[in-house]
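>
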Amino acid sequence: MIEKIRTLMLLIAISVLGYGGYIFLSSFQVTSENIDVKLDEDGLDIKIENFKVKHENSGRQDWELKADLAQVNQKKETTKLNNVEYIFVNNEMREFKVHADFGTLMNKTNDLDLEGNVKMLIETEILKEQFANDSISKRNLKSANR
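In my numbering, the protein residues as written are 2 to 147.
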């Protein structure tokens, strides 16, 4: 009788753990539905929606590349991007953001060509410092020429 109760309790515990694992894992979003893979005579072509790549160096983010749609062409070794956002973080932890309608990423060299309504956003502090440094160096030049 005790063996049957132990077995029943073990089955109940396994069922509860299984159900808890199912609930836990079902809360994650699956990204595989946003990836389309096609194989043709030219090679493997991949389309990725909500494309996002981050590059970090020693735990510090160097840059981040986002796009609504990325189309990887294995034969040409390029990635075509739609609605591109590129974020660069310099050594002083200041962000430079560049937005464009289209872009082409060279897969081997990581060169990025942007086209269509290219906009660059930077912090105003950077401009203030640059103008201040320029005016100081101009004053120093004028006083040195006297």
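Built from N, CA and C at the ideal position, the CB exists for glycine as well.
Source: prediction; values computed, not measured.
Leaving out five residues before and five after Thr32 in sequence, what residues of the same chain have Cβ atoms less than 6 Å from its Cβ?
Because the pLDDT at Thr32 is just 48, under 50, the model does not fix this residue reliably, and the point stays unresolved.
> Hey, how far is the Cα of Ala68 from the Cα of Val54?
Using only the alpha carbons, I get a separation of about 9 Å.
> Please confirm whether Leu115 and Val99 have their CB atoms less than 8 Å apart.
In contact: Leu115 and Val99 (Cβ atoms closer than 8 Å).
> Is the distance from the Cβ of Thr79 to the Cβ of Leu113 below 8 Å?
No; because the gap between Cβ atoms is not below 8 Å, this pair is not in contact.
> Does the Cβ of Val17 have 16 or more other Cβ atoms within 10 Å, making it buried, or fewer, making it exposed?
Answer is exposed; the Cβ neighbour count stays below 16.
> For Gly117, report the span of its beta strand (DSSP E) as first-last.
It is not in any beta strand (DSSP E) - Gly117 carries neither H nor E in the DSSP assignment.
> Tell me which residues share the same chain as Met121 and place their Cβ nearer than 6 Å to its Cβ, disregarding the 5 neighbours each side in the sequence.
Val99, listed in sequence order.
> For Gln62, write down the residues that DSSP places opposite it in a beta bridge.
Paired residues: Glu57.
> May I have the straight-line CA-CA distance separating Met2 from Tyr20, to the nearest angstrom?
C-alpha separation (whole angstroms): 27 Å.
> Going by DSSP, what residues sit across from Asn83 in a beta bridge?
Answer by DSSP bridge pairing, in chain order: Leu70, Phe103.
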